[in-house]
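What follows is a set of notes on a single structure, which appears directly below.
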Amino acid sequence: MNQLRILVVFVVSIICLPAQAAEIDLQKLVNEVHAQFANENSGKNPDYIPALAAVDSKLFAVSIVTADGKSYSAGDIKHELSIQSVSKAFNLSAVMQQHGETAIVEKIGVNATGLPFSSIMAIELNEERSVNPLVNAGAIAQVSLLEAKNANKKWQMIESNLELFAGRDLSVMKDIYKSETDTNTKNQAIARLLANYGRLYDDIEESVDLYTRMCSVGVNTHDLAVMGATYANSGKNPVTGKTVVEAKYVPKLLAVMATAGLYDDSGLWLYKVGLPAKSGVGGGIVAVVPGKYGIAAFSPPVDAAGNSVRAQLAIEEIAKRLNANVFQ
Ligand code: GLN
14 MNQLRILVVF
24 VVSIICLPAQ
34 AAEIDLQKLV
44 NEVHAQFANE
54 NSGKNPDYIP
64 ALAAVDSKLF
74 AVSIVTADGK
84 SYSAGDIKHE
94 LSIQSVSKAF
104 NLSAVMQQHG
114 ETAIVEKIGV
124 NATGLPFSSI
134 MAIELNEERS
144 VNPLVNAGAI
154 AQVSLLEAKN
164 ANKKWQMIES
174 NLELFAGRDL
184 SVMKDIYKSE
194 TDTNTKNQAI
204 ARLLANYGRL
214 YDDIEESVDL
224 YTRMCSVGVN
234 THDLAVMGAT
244 YANSGKNPVT
254 GKTVVEAKYV
264 PKLLAVMATA
274 GLYDDSGLWL
284 YKVGLPAKSG
294 VGGGIVAVVP
304 GKYGIAAFSP
314 PVDAAGNSVR
324 AQLAIEEIAK
334 RLNANVFQ
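Add 13 to the 1-based position in the sequence shown for the working numbering, that's all there is to it.
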């Protein structure tokens with residue numbers, strides 16, 4: 014009897030070993046990668062939004078959430094950053110749910126701009142004007158496309174969609190929202206230019222305001238990884254178990270991330286890392302490994318394209334060590 018019990022325990026532990034080892038490895042991985050890049054000091058906080066210049070440049074966090082909802086984090090994981098452009102990749106899902114995948118192509122465009130995220134030239138040079146939902150023009154256009162009874166209802170729609178992805182209540186960081194509202198004249202110009210070309214689909218001021226508010230929503234790095242893991246899990250949030258977006262749309266949403274998620278450096282990113290990802294000038298980046306992980310990192314200093322230096326290095330290293338390149 015005793016021998017049988019020993020045998021059963023032995024067999025069960027062999028079966029469970031790989032799962033346990035994987036869990037331990039992922040925690041070790043985030044710890045190691047965090048330590049590896051904590052002293053990387055290139056890049057600079059963006060200062061065109063004054064409140065972002067004031068954020069502590071040393072902050073650094075790394076987080077992985079698996080497609081079955083396990084989380085591993087290291088560093089300043091409680092720190093709330095403004096989601097900024099990362100929101101664009103998730104708001105697009107709400108727009109796609111409402112209008113379907115073809116409307117995104119016809120009313121916004123899905124090509125790469127190859128130009129900076131706030132480029133006016135990109136609007137002038139491309140007949141689509143807004144070009145891609147993940148640059149400022151396309152993101153203001155996607156906000157304008159959302160249909161709701163009034164601005165308040167539209168805001169609720171935007172916020173609750175981000176909350177479904179993150180799996181918790183979120184709120185606007187008031188200092189960031191005010192700072193960006195006080196200085197967003199270029200985004201106002203972009204919206205007016207789009208309206209001029211018939212490529213803005215709602216009120217100009219309201220669309221810029223809702224877009225600015227969306228960029229000011231506070232999230233931590235773990236939230237970003239849960240959002241990515243929701244895409245990795247075909248649109249179902251693995252932590253809450255709620256379906257946020259229909260699985261059929263996820264490949265389209267990830268394709269858009271691959272073309273413009275890191276703006277004018279999207280090609281370089283895809284070449285080096287091989288994962289769809291989205292960055293924001295708040296210092297956050299989230300990458301998606303379909304079927305497997307959401308990988309997020311945050312640190313305020315950004316490079317010339319507006320992508321966090323430490324976050325790019327951390328995700329690149331994690332992707333390498335997990336063999337996660339989607340093209341291999
Ligand atoms: N809110 C920022 C802007 O409109 C977003 C840009 C970004 O994160 N790259 O400029």
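Where is the CB? At the ideal position from N, CA and C, for every residue including glycine.
Any non-hydrogen atom of the ligand GLN closer than 7 angstroms to residue i Cβ
| i | result |
| --- | --- |
| Q97 | yes |
| E193 | yes |
| G319 | yes |
| V294 | yes |
| N233 | no |
| N58 | no |
| S131 | yes |
| Y145 | The residue asked about is misnamed: residue 145 is Asn in this sequence, not Tyr. Incorrect: N145 has no Cβ contact closer than 7 angstroms to the ligand GLN. |
| N104 | no |
| N163 | no |
| N336 | no |
| N209 | no |
| N44 | no |
| E149 | For the record, residue 149 in the displayed sequence is Asn; it is not Glu. Within the cutoff, so yes. |
| N200 | yes |
Start and end residues, beta strand (DSSP E) containing residue i
| i | result |
| --- | --- |
| Y306 | 306-311 |
| G297 | 297-302 |
| K291 | 290-292 |
Contact with chain D by residue i, beta-carbon distance below 8 angstroms
| i | result |
| --- | --- |
| V118 | Absent from the structure is chain D; it holds one protein chain and no more. |
N-terminal and C-terminal residue of the alpha helix (DSSP H) that residue i is part of
| i | result |
| --- | --- |
| A324 | 322-334 |
| G280 | 279-285 |
| V263 | 263-273 |
| A238 | 234-245 |
Uninterrupted alpha helix (DSSP H) stretches inside the stretch 166-223 (no shorter than 4 residues): 187-196, 198-209
Taking contact to mean at least 3 C-beta pairs separated by less than 8 angstroms, is the stretch 242-252 in contact with the stretch 295-309? yes
Which ranges would you report for the beta strand (DSSP E) in the stretch 41-105 if only whole runs of at least 3 residues count? 74-79, 84-88
Take every Cβ of the stretch 74-93, pair it with every Cβ of the stretch 246-262, and state whether three or more of those distances are shorter than 8 angstroms. yes
Cβ pair count under 8 angstroms reaching 3, the stretch 194-204 against the stretch 280-293: no
Identify every run of the beta strand (DSSP E) within the stretch 107-148, keeping only runs that are complete inside it and at least 3 residues long; order them along the chain. none
Under 8 angstroms: do the stretch 212-226 and the stretch 154-174 share three or more Cβ pairs, one atom per stretch? yes
Please determine if the stretch 232-240 and the stretch 260-280 are in contact, where contact requires at least 3 C-beta pairs separated by less than 8 angstroms. no
Any contact of the stretch 130-140 with the stretch 182-193, i.e. 3+ C-beta pairs under 8 angstroms? no
Pairing CB atoms from the stretch 52-65 with CB atoms from the stretch 309-319, are three or more of them under 8 angstroms? yes
Can at least three beta-carbon pairs, one atom from the stretch 143-152 and one from the stretch 168-184, be found at a separation below 8 angstroms? no
Any contact of the stretch 39-46 with the stretch 83-103, i.e. 3+ C-beta pairs under 8 angstroms? yes
Could you tell me whether the stretch 120-127 touches the stretch 315-327, using the rule of 3 or more Cβ pairs below 8 angstroms? no
Evaluate contact between the stretch 168-176 and the stretch 104-121, counting only Cβ atoms and requiring at least three cross-stretch pairs below 8 angstroms. yes
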